[in-house]
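Peer 1: Please find one structure pasted underneath; my questions will follow.
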Amino acid sequence: GKPELTPVAIQAGRFLARRLFDGATQEMDYAHVPTTVFTPLEYASVGMTEEQAVDALGEDGVEVFHSYYRPLEWSLPHRPDNACYVKLICDREDDLRVVGLHICGPHA
960 GKPELTPVAI QAGRFLARRL FDGATQEMDY AHVPTTVFTP LEYASVGMTE EQAVDALGED
1020 GVEVFHSYYR PLEWSLPHRP DNACYVKLIC DREDDLRVVG LHICGPHA
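Residue numbers for the sequence shown follow the working numbering, so the first one is 960 and each next one is one higher.
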């Protein structure tokens, strides 16, 4: 169930080596590992999903912002407007601290 990404495995190995040979106690935290999906229109996310945030913070503790946008690089080829999407998930009780970000667009 952990992300199968080389940088994540390298960091997890560092933490393991420190625990085994240096007496450290810190373990790898997989909660904020960014991921992406390389499709014709890329998708990336980091942090909690909206459902995870509601489970952790409660329905009233979550503020979700949605936005559509058009990347500057699409201006010249006259691609359709509002073809990209971003969703920001924030903790209402912690000064709208960002707990999740999801984006669908080029170079996500």
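Where is the CB? At the ideal position from N, CA and C, for every residue including glycine.
Under 8 Å, with one C-beta from each stretch per pair, do the region 1056 to 1067 and the region 1002 to 1022 reach the 3-pair mark?
Peer 2: Short answer: they touch.
Peer 1: Consult DSSP for residue 981 and reduce its assignment to one of helix, strand or coil.
Peer 2: Sequence index remark: in the sequence shown, residue 981 carries index 22 (1-based). Looking at residue 981 - three-state DSSP - the assignment turns out to be coil, as it is neither helix nor strand.
Peer 1: I need the DSSP call for residue 992, collapsed to helix, strand or coil.
Peer 2: Walking along the sequence shown from the start, residue 992 turns up at place 33. Residue 992 falls in the coil class under three-state DSSP.
Peer 1: According to DSSP, which residues form a beta bridge with residue 1062?
Peer 2: Here residue 1062 refers to the residue found at position 103 when the sequence shown is read from its first residue. Bridge partners of residue 1062: 1003 and 1045.
Peer 1: Per DSSP, what are the beta-bridge partners of residue 1023 in this structure?
Peer 2: The residue given as residue 1023 occupies position 64 in the sequence shown. Residue 1023 is bridged to 1048.
Peer 1: Is it buried or exposed, residue 1048, if we count other Cβ atoms within 10 angstroms and call 16 or more buried?
Peer 2: Position 89 of the sequence shown, counted from the start, is the residue given in the question as residue 1048. So residue 1048 ends up on the buried side.
Peer 1: Using 8 Å as the threshold, is the region 982 to 993 in touch with the region 962 to 972, meaning 3 or more CB pairs across them?
Peer 2: Verdict: yes, contact present.
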